[in-house]
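Colleague:
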């Protein structure tokens, strides 16, 4: 039996979208309000989906308490109530768009799960805008 | 990096399900309350998902402000606070079931995005009933 | 022990806002898109709150199965999948704004509950617009 | 035109996770609070998604009133306000983890729909934990 | 400045509605499926609202981290993943209707907050049924 | 007829909780992660409720399009995608706790509505923490 198991977590962070290789004018015109030099912020909602074989003995695909701890250790403890640009080393040279945040989260979690499991990330920046990434 | 970016929009419209090739009895028996000749209505929720390559320079798959404007120009400005049967020419000869509304929306938006991007539509007619369509 | 017990129900209906004592121009300018002569529609969400003494023998303020049936008989069976202007006699001479719909619903339900209970209605026309009415 | 149509239903049930082949210590250490011998419970949310060809005559993939009745007859009438371990024969020899509940629901509904339709189940045990299963 | 500050928490529990002073027939006819002798369960959502003076120095009415800990110590650690009838002494002689659960929770939390603060409890048994209680 | 009409709006902002009259140690110990000198952020959800007489001619308590514009002019255009501490003059000498943000919003909106209307503000900082304020 192949199934997927998902866990929802949240973190609240500040960020700014700014490409240092572009002029200030281009940054402001391209990123709009998201380029505010004083930062703005979001309540990010993260859905981590694991796909794989269900263990017939326990009836679990993965223990969601274990997955919750992986997400907390790898993501929310590091991102929550932080400024993604200034406080999170992963975004030192990477613009913290929702796409790039999803990319970073995918790699952090994928390093902690077994190889035979597939990983899919959904990251809501707002209730109306969200990104999905599965490592491709 | 291949990812998906989604935008949620809403519109409120009246509609009636009625097949002019069927008798009134068959229409009423098949469509039930949805066949009411005086129309009824819904708050439709639309999720537009674009899949493609993320631009490494900007960190964006697609500028969601641009996608928001495409959805407003192509869909919500034309459907919102309208009677789909009477006010929207796309449904002159097409029954406005949620399936057919999703089909019309997919084609309207797909005409406005670049060819290398894939498009997937989710249309909620109510909180409990929804349709997905991706052009197949 | 005084408490409140609430039940959530939904109905989907078409309506049009139009004051027959006003010119077409005034109607269109005042009600905007809601004045569309061909109607538009909504998924209405209704919260019915009853306040009163909890019965110490049963531990119930009111049997919510009974309240559910009152709401269905008095409101949703009459409003759901209907055109409020054309199909519901209460709106023959009353403009079906959310305020007036809440007023009509309050009176219909208040007639069916015991005198010592207080009634409060919340009516969501959309996720972002809602009305409250308690009989005053 | 190939599309998907989904219906959301809910049921409220008690359950306990316990593997009779394991010692009490192993059960308690593995399942944690879910192993409580006196049971605990959940409001389960179920999303049933059907994928197939849309009928061009009716504009329907499947009549969602029919799908609603299948779900009620096969699942919610049997599971709602029940103890899954004691009252539902499917779990006599199967631990009612969310994975196994999704497996049972998938087979019950798949037996009732036409062969050319594909079925996908999403089962929320809580707002933050959910399982998906499509028969593989 | 007088304001209200609210915190949302959740717990998942089994329960059964049964009045030992009534016959089995009366219990079954009055409580319906909720009288199932093998129990059923819910994901309860609890909103704890505190009303009082905002401290002008800190800008806080109450530290919501403190309120969160009070709720966890007094309510969720004792109710979550429990059978309310069998595992929670408060319901030894009190039928665990949502009304009575709200009453018990109000008294547990009110004992832990300062006298000048007012307390209001909202308890959702399902998304569609909820109780409010403020100590009267 | 006295009723209430509510409108929901959202804004996304960065902030930091820091009392300049306190030592860094006291700030960090009292505000915890919210004291991060590099800021963090939230998707704030704002519910603006107006209570007053319904106009019997139009059936409106207040035109919600007018209320929407007041909220956008007074609040969301000034707060959205901003750093509340650095970009919004109202918080130059006022700590932007949710309580104080609600206070500022209440006064900004109350200045724009007619005297006979009552105003109540609900401000969600997260899905689980929210403040209510009505001018007292």
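Protein chains in written order, with the working numbering: chain G, 1 to 136; chain X, 137 to 272; chain R, 273 to 408; chain D, 409 to 544; chain S, 545 to 680; chain B, 681 to 816. Glycine included, every Cβ here is placed at the ideal spot set by N, Cα and C.
Using a Cβ-Cβ cutoff of less than 8 Å, which residues in the same chain neighbour residue 83/G once the five nearest sequence positions on both sides are dropped?
Modeller: What you label residue 83/G is simply residue 83 of the first chain in a count that begins at 1. Hits under 8 Å: 13, 14, 15, 39.
Colleague: What is the rounded straight-line gap between the Cα of residue 611/S and the Cα of residue 551/S?
Modeller: Translated into the one-based positions of the fifth chain, residue 611/S becomes position 67. Translated into the one-based positions of the fifth chain, residue 551/S becomes position 7. Cα to Cα, the separation comes out at about 7 Å.
Colleague: Mapping DSSP to helix, strand and coil, what is residue 493/D?
Modeller: Translated into the one-based positions of the fourth chain, residue 493/D becomes position 85. In this structure, residue 493/D counts as helix in the three-state DSSP scheme.
Colleague: Quick one: Cα of residue 598/S to Cα of residue 655/S, how far?
Modeller: Stepping through the fifth chain from its first residue, residue 598/S is reached at position 54. Stepping through the fifth chain from its first residue, residue 655/S is reached at position 111. Going by the C-alpha atoms only, they are around 20 Å apart.
Colleague: By how many angstroms is the C-alpha of residue 660/S removed from the C-alpha of residue 773/B?
Modeller: What you label residue 773/B is simply residue 93 of the sixth chain in a count that begins at 1. What you label residue 660/S is simply residue 116 of the fifth chain in a count that begins at 1. Each residue's Cα considered, the two are about 28 Å apart.
Colleague: Let's see if you can read the secondary structure: which residues bound the beta strand (DSSP E) around residue 669/S?
Modeller: Residue mapping note: residue 669/S aligns to position 125 of the fifth chain, counting from 1. Here residue 669/S belongs to no beta strand (DSSP E), and DSSP marks it neither H nor E.
Colleague: Considering residue 183/X, what are the terminal residues of the beta strand (DSSP E) in which it resides?
Modeller: To locate residue 183/X, count along the second chain from 1; it is residue 47. Start and end: 176–189.
Colleague: Since residue 336/R meets chain S, which of its residues come closer than 7 Å, beta carbon to beta carbon?
Modeller: Position 64 of the third chain, counted from the first residue, corresponds to residue 336/R. Residues of chain S passing the Cβ test: 673.
Colleague: Going by beta-carbon coordinates alone, are residue 739/B and residue 367/R separated by less than 8 Å?
Modeller: By 1-based counting over the sixth chain, the position of residue 739/B is 59. By 1-based counting over the third chain, the position of residue 367/R is 95. Yes. Within cutoff.
Colleague: Which residues mark the beginning and the end of the alpha helix (DSSP H) in which residue 301/R is found?
Modeller: Sequence index remark: in the third chain, residue 301/R carries index 29 (1-based). That run of the alpha helix (DSSP H) goes 296–303.
Colleague: Give me the DSSP bridge partner(s) of residue 145/X.
Modeller: Numbered from 1 along the second chain, position 9 holds the residue referred to as residue 145/X. Residue 145/X pairs with 182/X.
Colleague: Report the partner residues of residue 392/R according to the DSSP bridge assignment.
Modeller: Locating residue 392/R in the third chain gives position 120, counting from the first residue. Note: residue 392/R sits in a beta bridge opposite 321/R.
Colleague: Is residue 423/D helix, strand or coil when you go by DSSP?
Modeller: Here residue 423/D refers to the residue found at position 15 when the fourth chain is read from its first residue. Strand at residue 423/D.
Colleague: What does the alpha-carbon distance come out to for the pair residue 816/B and residue 350/R?
Modeller: Here residue 816/B refers to the residue found at position 136 of the sixth chain. Here residue 350/R refers to the residue found at position 78 of the third chain. Using only the alpha carbons, I get a separation of about 42 Å.
Colleague: For a test of the three-state rule: what should DSSP assign to residue 541/D, helix, strand or coil?
Modeller: On the fourth chain, residue 541/D is found 133 positions in, with the first residue counted as 1. Residue state, collapsed to three classes: strand.
Colleague: Hey, is residue 709/B's beta-carbon within less than 8 Å of any beta-carbon in chain R?
Modeller: Here residue 709/B corresponds to residue number 29 of the sixth chain, with the count starting at 1. No - not a single Cβ of chain R is within 8 Å of the one on residue 709/B.
Colleague: Quick check: the Cα distance between residue 241/X and residue 292/R, rounded to an integer number of angstroms?
Modeller: Position 105 of the second chain, counting from 1, holds the residue named residue 241/X. Position 20 of the third chain, counting from 1, holds the residue named residue 292/R. Whole-angstrom Cα-Cα distance: 35 Å.
Colleague: Excluding sequence positions up to five away, which residues of its chain have a Cβ less than 6 Å from the Cβ of residue 200/X?
Modeller: The residue labelled residue 200/X in the question sits at position 64 within the second chain. The answer, listed in chain order, is 143.
Colleague: Could you check where the alpha helix (DSSP H) with residue 201/X kicks off and where it finishes?
Modeller: Here residue 201/X corresponds to residue number 65 of the second chain, with the count starting at 1. Looking at the DSSP string, the run of the alpha helix (DSSP H) that includes residue 201/X is 200–207.
Colleague: By the criterion of Cβ-Cβ separation under 9 Å, what are the contact partners of residue 268/X in chain D?
Modeller: Mapped onto the second chain, residue 268/X falls at position 132. Per Cβ cutoff of 9 Å: 411, 412, 413, 414, 457, 459.
Colleague: Using Cβ-Cβ distances below 9 Å, what residues of the segment 497–525 of chain D are close to chain X?
Modeller: From the segment 497–525 of chain D, no residue has a Cβ closer than 9 Å to chain X.
Colleague: Please list, in chain order, the chain B residues whose beta carbon lies closer than 9 Å to that of residue 291/R.
Modeller: For this step, residue 291/R is matched to residue 19 along the third chain. Under the 9 Å cutoff, chain B gives 737, 738, 739.
Colleague: Whose CA, out of 296/R, 277/R, 346/R, 282/R, lies closest to the CA of residue 380/R?
Modeller: Residue 380/R sits at position 108 when you count from the first residue of the third chain. Among 296/R, 277/R, 346/R, 282/R, the Cα nearest to that of residue 380/R belongs to 346/R.
Colleague: Residue 275/R to residue 306/R, Cα distance in whole Å?
Modeller: Numbered from 1 along the third chain, position 3 holds the residue referred to as residue 275/R. Numbered from 1 along the third chain, position 34 holds the residue referred to as residue 306/R. Each residue's Cα considered, the two are about 38 Å apart.
Colleague: Where do the ends of the alpha helix (DSSP H) carrying residue 784/B lie?
Modeller: Counting from 1 along the sixth chain, the entry for residue 784/B is found at position 104. That run of the alpha helix (DSSP H) goes 778–790.
Colleague: Rank 37/G, 98/G, 89/G, 17/G by C-alpha distance to the C-alpha of residue 141/X and give the top, closest one.
Modeller: The residue you call residue 141/X lines up with position 5 of the second chain. That would be 98/G, whose Cα lies nearest to the Cα of residue 141/X.
Colleague: In chain S, what lies closer than 7 Å to residue 326/R by C-beta?
Modeller: As a first step, residue 326/R is located in the third chain; it is residue number 54 there, counting from the start. Within 7 Å Cβ-Cβ: 643.
Colleague: With distances taken between CB atoms, is the gap from residue 145/X to residue 212/X smaller than 8 Å?
Modeller: Within the second chain, residue 145/X is the residue found at index 9, counting from 1. Within the second chain, residue 212/X is the residue found at index 76, counting from 1. Going by C-beta atoms, residue 145/X is nearer than 8 Å to residue 212/X.
Colleague: Per DSSP, residue 684/B is paired with what?
Modeller: As a first step, residue 684/B is located in the sixth chain; it is residue number 4 there, counting from the start. Its beta-bridge partners are 404/R, 731/B.
Colleague: If you check the beta carbons only, do residue 44/G and residue 11/G fall under 8 Å apart?
Modeller: Residue 44/G sits at position 44 when you count from the first residue of the first chain. Residue 11/G sits at position 11 when you count from the first residue of the first chain. For residue 44/G and residue 11/G, yes; Cβs fall inside 8 Å.
Colleague: Select from the segment 714–726 of chain B all residues with a C-beta closer than 8 Å to any C-beta belonging to chain S, and list them in chain order.
Modeller: Those residues of the segment 714–726 of chain B that come within reach of chain S (Cβ to Cβ, closer than 8 Å) do not exist; the list is empty.
Colleague: Comparing the C-beta of residue 816/B with each C-beta of chain S, is any distance below 8 Å?
Modeller: Within the sixth chain, the letter at position 136 stands for residue 816/B. Taking Cβ atoms only, chain S reaches closer than 8 Å to residue 816/B, which makes this a yes.
Colleague: For residue 238/X, I'd like the list of residues in its chain whose CB is within less than 7 Å of its CB, leaving aside the five on either flank, ordered along the chain.
Modeller: For the purposes of this step, residue 238/X is taken as the residue at position 102 of the second chain. 257, 259, 267, 269, listed in sequence order.
Colleague: Please return the same chain residues whose Cβ sits closer than 6 Å to the Cβ of residue 51/G, not counting the five positions on each side in sequence.
Modeller: Translated into positions along the first chain, residue 51/G becomes position 51. The answer, listed in chain order, is 4, 118.
Colleague: When the Cα of residue 302/R is compared with those of 769/B, 737/B, 766/B, 722/B, which residue comes out closest?
Modeller: The residue you call residue 302/R lines up with position 30 of the third chain. Of the candidates 769/B, 737/B, 766/B, 722/B, the one whose C-alpha sits nearest the C-alpha of residue 302/R is 737/B.
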